[in-house]
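Participant: The structure follows.
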Amino acid sequence: MSNLPAERKLTDKQQLFLDSIIETKGNLKLSAELAGYSGNHYQVIKSLKDEIVELAQNVLAREAPSAAFKLVEVMQTADALPQANVKLQAAQTILDRVGLGKQDRLEVNHNTSGGIFILPEKQTINIEEGDYEELPR
Numbered sequence: 061m062s063n064l065p066a067e068r069k070l071t072d073k074q075q076l077f078l079d080s081i082i083e084t085k086g087n088l089k090l091s092a093e094l095a096g097y098s099g100n101h102y103q104v105i106k107s108l109k110d111e112i113v114e115l116a117q118n119v120l121a122r123e124a125p126s127a128a129f130k131l132v133e134v135m136q137t138a139d140a141l142p143q144a145n146v147k148l149q150a151a152q153t154i155l156d157r158v159g160l161g162k163q164d165r166l167e168v169n170h171n172t173s174g175g176i177f178i179l180p181e182k183q184t185i186n187i188e189e190g191d192y193e194e195l196p197r
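Each residue of the sequence shown is one higher than the one before, starting from 61 at the first, in this note's numbering.
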């Protein structure tokens with residue numbers, strides 16, 4: 061059985077499907093077949109969507125340390141690395157998705173002078189017919 065925290069009770073077949081996702085490296089069709097689902101496997105995917113997403117998040121979290129070390133390795137090496145840009149982009153993407161990537165920050169500074177301006181209470185004015193002049197159109 062997998063290490064996924066179960067929020068709901070899964071059948072043995074559903075759990076086998078989730079475990080097979082790791083073994084098949086994400087091949088959902090093959091995972092469904094290995095778990096004993098025949099025909100249209102989209103129904104099991106739909107019913108286990110939350111668990112599949114959580115599994116994917118766990119896979120990315122597991123790879124985050126490797127991604128961090130790859131960034132440092134590429135930064136520190138003097139040697140030419142084949143496909144260095146592709147590997148750097150993959151490492152950055154993993155770190156971004158687990159929340160360790162570059163974060164955009166917005167700093168707001170607001171300087172004011174003077175104090176608070178308080179308006180007087182609104183007053184109701186009743187205008188009756190004949191109390192005003194119509195403006196020409």
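Built from N, CA and C at the ideal position, the CB exists for glycine as well. Here the structure is a predicted model, which is why all the values come from computation and not from measurement.
Could you spell out where the alpha helix (DSSP H) holding Asn87 opens and where it closes?
Facilitator: Element bounds for Asn87: n/a, residue is neither H nor E.
Participant: Considering only the alpha carbon of each residue, which of Leu141, Glu167 and Arg122 lies closest to Gly39?
Facilitator: As shown, the chain starts at 61 and ends at 197. That puts residue 39 outside it, with no answer to give.
Participant: Consult DSSP for Ala149 and reduce its assignment to one of helix, strand or coil.
Facilitator: Checking the sequence, you will find Gln at residue 149 rather than Ala. If DSSP states are grouped into helix, strand and coil, Gln149 belongs with the helices.
Participant: For Val132 and Val119, what's the separation of their Cα atoms in angstroms?
Facilitator: Val132 and Val119 have their C-alpha atoms spaced approximately 21 Å apart.
Participant: Anyone know if the C-beta pair for Ser91 and Phe77 falls short of 9 Å?
Facilitator: Yes, they are a contact pair.
Participant: Go ahead and label Lys130 buried or exposed: buried means 16 or more other beta carbons lie within 10 angstroms of its beta carbon, across all protein chains shown.
Facilitator: buried
Participant: Go ahead and pull the three-state DSSP assignment for Gln143.
Facilitator: coil
Participant: Does the segment 110-119 come close enough to the segment 148-156 to have 3 or more Cβ pairs within less than 8 Å?
Facilitator: no
Participant: Just the C-alpha distance for Gly96 and Asp139, rounded to the nearest angstrom, thanks.
Facilitator: 49 Å
Participant: If you measure between the beta carbons of Val104 and Gln74, is that distance less than 9 Å?
Facilitator: yes
Participant: To the nearest angstrom, how far is the alpha carbon of Val134 from that of Ser80?
Facilitator: 33 Å
Participant: Does Ala95 come out as helix, strand or coil in the three-state DSSP assignment?
Facilitator: Here Ala95 sits in coil by DSSP.
Participant: Leaving out five residues before and five after Ala89 in sequence, what residues of the same chain have Cβ atoms less than 8 Å from its Cβ?
Facilitator: For clarity, residue 89 is Lys in the given sequence; the question names Ala instead. His101.
Participant: Hey, how far is the Cα of Asp110 from the Cα of Thr71?
Facilitator: 15 Å
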